[in-house]
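Trainee: The structure follows.
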Amino acid sequence: MKKISYVQLFRPWNWIIGTGFYIDDLVQKINFIRLTLIWLIVFLSVGLVILFYWFVRSVSQPINTATKGLSHIGDQVSQAADQVASSSQILAQASSEQAASLEETSSSLEQMSSMTKNNADHALQADILMKDVTTVVGDARLSMNALETSMQDIAKSSADISRIIKTIDEIAFQTNLLALNAAVEAARAGEAGAGFAVVADEVRSLAMRAAEAAKSTGSLIENTVSKVQDGTTVMQRANEAFENVSRKAAQAAQLVAEIAAASREQAEGIAQINHVVAQMDKVIQQNAANAEESASAAEELKAQSEYLKNYIGVLQALVHGTTAAQAALPATTASRTQRKAGGGDSTALLSSMTADEDTFKTF
């Protein structure tokens, strides 16, 4: 039986120390240790596999739950983005139509404001004319009052003249009677009273002529008084008519003044309305622009939600296995190719997605 020995000199004591062991015992120990190590490695490998499987399961389940939730959220975000984009487009179209209607309304209000201003100017001119008419009518009424007073004075003077004429007529009548009495007395006196009879006859003739003239003058004066009374009546009626005209003119002037004031207020109100409409037009145009921006943002949000779903698909594929990940990547690439026309804002996101996919492949 083979044996290995080892000898060493211990000089302090001048001893030779030796030892040895059999090779079979060493081989047996080595085989035992080797087998023990193999079994230990096997057990450790199995434990590591089980631990890794448990770790992957414990990590993949939350990731699956999170990816499902993110996928559901992405779908909801996409639907909400579609609704927001549709609503924003409808709002933008409605705002554009409202802006056009407000522009037409503003134009109509400007025309109405111009017409109302012209009406106010015309009403102001009419008010000035009515004031002039009122002044003229007042002057005419004063003149008619003065004329009526003059006619009354003429009627009074005519009445006085008529009384004087009657007095003259009575004097002529008495003179005629005296002339008749003188003629009778002259006839009784004979030749001595002949001259006196001639004078009495002439006096009687003059008295008769005076009486006739007084009658004619009285008749004329009576006619004049009658005409003056008629004229006075007409003047009174004319004065009443002028007073009515003056009152109506004053009322018309007041109405015209109120119309002028109302027209001015209406013109100012229309100007304010026009200003408000202009402000509303600006607000509606701003709303239309904001709606268009919202629609654009909604489209971008929809695109971002699609990118999110693509990322979620890649993550799910990675969680479920390398083969599934390799199968999911072409779909993501195709989706990215379809989204390539989305504009410059999406280029960075696509580049980052490509970098992430390269990372996934490397992993």
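Take the position in the sequence shown, starting the count at 1, then add 37; the result is the number in our numbering. Every residue, glycine too, gets a C-beta built ideally from N, C-alpha and C. Being a predicted model, the structure only gives us computed values, none of them experimental.
(1) Quick one: grab the DSSP three-state call for residue 50.
(2) Quick one, which of 105, 155, 96 and 45 has its alpha-carbon nearest residue 348's?
(3) Out of curiosity, what's the CA-to-CA distance linking residue 59 and residue 39?
(4) Work out the CA separation of residue 108 and residue 81 for me, nearest whole Å.
(5) Between which two residues does the alpha helix (DSSP H) carrying residue 105 extend?
(6) Is residue 132 closer than 9 Å to residue 324 when the C-beta atoms are compared?
(7) Can you have a look at residue 171 and say buried or exposed, based on whether 16 or more other CB atoms are within 10 angstroms of its CB?
(8) Give the straight-line distance between the Cα atoms of residue 140 and residue 344, rounded to the nearest whole angstrom.
(9) Thinking C-beta only, is residue 296 closer than 9 Å to residue 192?
(10) Within 10 angstroms of the Cβ of residue 87, are there 16 or more other Cβ atoms? Answer buried if so, exposed if not.
(11) For residue 158, which residues from the same chain have a beta carbon less than 6 Å from its beta carbon, with the 5 sequence-adjacent residues on both sides left out?
(12) Between residue 269 and the rest of its own chain, which residues show a CB-CB distance below 7 Å, the 5 nearest in sequence each way excluded?
(13) Using C-beta distances below 7 Å, list every residue in its chain close to residue 45, excluding the 5 sequence neighbours before and after it, in chain order.
(14) Tell me whether the segment 215-223 and the segment 194-204 touch, counting them as touching only if at least three CB pairs, one residue from each stretch, are closer than 8 Å.
(15) Relative to the C-alpha of residue 165, which residue among 275, 286 and 52 is closest?
(16) If I measure Cβ to Cβ from residue 205 and keep anything under 6 Å in the same chain, skipping five residues before and after, which residues do I get?
(17) Confirm, please, whether the CB-CB distance from residue 262 to residue 196 is below 9 Å.
(18) Taking only the alpha-carbon atoms, compute the straight-line gap between residue 78 and residue 90 and give it to the nearest angstrom.
(19) Report, in whole angstroms, the separation of the C-beta atoms of residue 126 and residue 332, which I expect to be a contact under 8 Å.
(20) In whole angstroms, what is the alpha-carbon distance linking residue 328 and residue 322?
(21) Round the Cβ separation of residue 150 and residue 281 to the nearest angstrom and send it over; I've been treating them as touching at under 8 Å.
(22) Nearest by alpha-carbon distance to residue 178: which of 47, 260, 274 and 147 is it?
(23) State the Cα-Cα distance for the pair residue 361 and residue 346, rounded to the nearest angstrom.
(24) What whole-angstrom Cβ distance do residue 304 and residue 153 have, given they're in contact under 8 Å?
(25) Have a look at 234, 207, 130 and 43 and flag the residue whose alpha-carbon is nearest the alpha-carbon of residue 326.
(26) Considering only their Cβ atoms, is the gap separating residue 213 from residue 183 smaller than 9 Å?
(27) Look at residue 18 and residue 342 and say whether their C-beta atoms are less than 9 Å apart.
(28) Please report the straight-line C-alpha distance between residue 271 and residue 176, rounded to a whole angstrom.
(29) Assuming residue 234 contacts residue 224 under a Cβ cut-off of 8 Å, what Cβ separation, rounded to an integer in Å, is found between them?
(30) Can residue 293 and residue 160 be called in contact, C-beta distance under 9 Å?
(31) Going along the chain, which residues of its own chain have a beta-carbon closer than 6 Å to the beta-carbon of residue 135, five neighbours each way excluded?
(32) Using a 10 Å radius around the Cβ and a threshold of 16 neighbouring Cβ atoms, would you call residue 350 buried or exposed?
(33) Do residue 335 and residue 118 have their beta-carbon atoms positioned less than 9 Å apart in this structure?
(34) Per DSSP, residue 42 forms a beta bridge with which residues?
Mentor: With the given structure in hand:
(1) coil
(2) 105
(3) 6 Å
(4) 39 Å
(5) 60-226
(6) yes
(7) buried
(8) 43 Å
(9) no
(10) exposed
(11) none
(12) 185, 188, 189 and 192
(13) 54
(14) no
(15) 286
(16) 251
(17) yes
(18) 18 Å
(19) 5 Å
(20) 10 Å
(21) Their Cβ separation, rounded to whole angstroms, is 38 Å, which puts residue 150 and residue 281 out of contact at 8 Å.
(22) 274
(23) In this predicted model, residue 361 has a pLDDT of only 42, less than 50, meaning its place in the structure is not dependable; the value taken from the coordinates is given anyway. One C-alpha to the other measures close to 16 Å.
(24) 4 Å
(25) 130
(26) no
(27) Outside the displayed range of the chain (38 to 400) lies residue 18, so it cannot be described from this structure.
(28) 18 Å
(29) 6 Å
(30) yes
(31) 321
(32) buried
(33) yes
(34) 57
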